[in-house]
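Chemist: At position 98 of the sequence shown the residue is numbered 98 (this note's numbering), and the sequence of numbers has no breaks. Don't be surprised by glycine CBs; every beta carbon is placed ideally from N, CA and C. The structure follows.
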Amino acid sequence: MSGREEPPFAQIEIERLAEKERIGRAAAALVSDGQTIMIDIGTTTLQLARQLRERELTVITSSLAVLEELLPYEGIELIALGGVVRRNYRSLVGVLAEDALRQLTADVAFLGASGIRADLSVMDSTMIEVPIKRGMIAAAERSVLLVDAAKLYMSGIVRVCGADELQTVVTDASAAEPTVESLARAGVEVV
Numbered sequence: 001m002s003g004r005e006e007p008p009f010a011q012i013e014i015e016r017l018a019e020k021e022r023i024g025r026a027a028a029a030l031v032s033d034g035q036t037i038m039i040d041i042g043t044t045t046l047q048l049a050r051q052l053r054e055r056e057l058t059v060i061t062s063s064l065a066v067l068e069e070l071l072p073y074e075g076i077e078l079i080a081l082g083g084v085v086r087r088n089y090r091s092l093v094g095v096l097a098e099d100a101l102r103q104l105t106a107d108v109a110f111l112g113a114s115g116i117r118a119d120l121s122v123m124d125s126t127m128i129e130v131p132i133k134r135g136m137i138a139a140a141e142r143s144v145l146l147v148d149a150a151k152l153y154m155s156g157i158v159r160v161c162g163a164d165e166l167q168t169v170v171t172d173a174s175a176a177e178p179t180v181e182s183l184a185r186a187g188v189e190v191v
């Protein structure tokens, strides 16, 4: 492990929980029954999964937390990407997961990120997760980024994509927030 230890998933999950729950509800409203969706790892995307429990969907995910959340619900067909388990963040990564994504398609990919830079680059701080995020964007007809307002002031070390690869951003940030205004000007729907 590098000198930069990641905080445990359980710790991150409770940070800004009310905001993440609101974002999860708003993102769930974008999902129609019968759709195939991809759900990225992360604590905000987990809140989306919690809002989908009683729906009729196909969910493709690299998140063990999402799989655990949705396992009891018979109306949801679950497809787990293979790969190496990252225990701390409860995710599946690596070449097996990346290869699986190249075989799949979805209506919508719901993504998390570490932050958005001023140039509207979506950034992540975990290099090993970035190919999975990029694979989900490539496999889905629509890409939706879920970010709480704090992430508008955060960044990461690896660029995932630009605003041109997103159709929608779901956030609790104010419409007057400079990054939100920039996203809207770039043609991204902000919910």
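Under a three-way DSSP split, which group does Ser171 fall into?
Modeler: Rather than Ser, the amino acid found at residue 171 in this sequence is Thr. Three-state DSSP puts Thr171 in coil, outside helix and strand.
Chemist: Please work out which residues of its chain come closer than 6 Å, Cβ to Cβ, to Thr58, disregarding the five sequence neighbours upstream and downstream, and give them in chain order.
Modeler: Around Thr58: Thr36, Glu77.
Chemist: So, with DSSP's three-state summary, where would you put Leu57?
Modeler: If DSSP states are grouped into helix, strand and coil, Leu57 belongs with the strands.
Chemist: If you pair each beta-carbon of the stretch 124-133 with each one of the stretch 15-32, do three or more pairs fall below 8 Å?
Modeler: Not touching, per the Cβ criterion.
Chemist: Does Tyr73 get closer than 7 Å to chain D when you measure Cβ to Cβ?
Modeler: No chain D is part of this structure, which consists of one protein chain only.
Chemist: From this set, Ala175, Leu46, Val85, which residue's C-alpha is nearest Glu68's C-alpha?
Modeler: The shortest Cα separation from Glu68 among Ala175, Leu46, Val85 belongs to Leu46.
Chemist: Taking Cβ positions, are Val84 and Gly94 nearer each other than 7 Å?
Modeler: Yes; because the gap between Cβ atoms is below 7 Å, this pair is in contact.
Chemist: Just mark Ser2 as buried or exposed, buried being the case when its beta carbon has 16 or more other beta carbons within 10 Å.
Modeler: The predicted model places Ser2 with a pLDDT of 43, which falls under 50 and marks its position as unreliable; any figure quoted below should be read in that light. Exposed, by the Cβ-count rule.
Chemist: Return the chain-ordered list of same chain residues with a C-beta closer than 7 Å to the C-beta of Ala184, the five sequence neighbours on each side being excluded.
Modeler: Answer for Ala184: Val190, listed in chain order.
Chemist: Tell me the rounded alpha-carbon separation between Ser174 and Leu152.
Modeler: Spanning the two alpha carbons is a distance of roughly 11 Å.
Chemist: Please name the residue or residues paired with Ile39 in a DSSP beta bridge.
Modeler: DSSP, once it has assigned bridges, lists Thr61, Phe110 as partnering Ile39.
Chemist: Just reading off the alpha helix (DSSP H) that Leu145 is part of, what are its end residues?
Modeler: Where Leu145 is concerned, there is no enclosing alpha helix (DSSP H), although the beta strand (DSSP E) it sits in stretches over 140-146.
Chemist: At 3 residues or longer, what runs of the beta strand (DSSP E) sit wholly inside the stretch 76-132?
Modeler: Those beta strand (DSSP E) runs which fall completely within the stretch 76-132 and span 3+ residues are 76-80, 84-86, 91-93, 106-111, 122-124.
Chemist: Is Asp148 near Arg50, with beta carbons less than 7 Å apart?
Modeler: Result no, Cβ atoms of Asp148 and Arg50 do not sit closer than 7 Å.
Chemist: Out of curiosity, what's the CA-to-CA distance linking Arg87 and Ala176?
Modeler: Taking the straight line joining both Cα atoms gives about 38 Å.
Chemist: As a quick exercise: from Val108, Val158, Met154, Arg102, pick the residue whose alpha carbon is nearest that of Ile128.
Modeler: Considering only alpha carbons, the answer is Val158.
Chemist: Suppose you measure from the CA of Tyr73 to the CA of Ser143; what does that come to, to the nearest Å?
Modeler: The straight-line gap from Cα to Cα measures roughly 25 Å.
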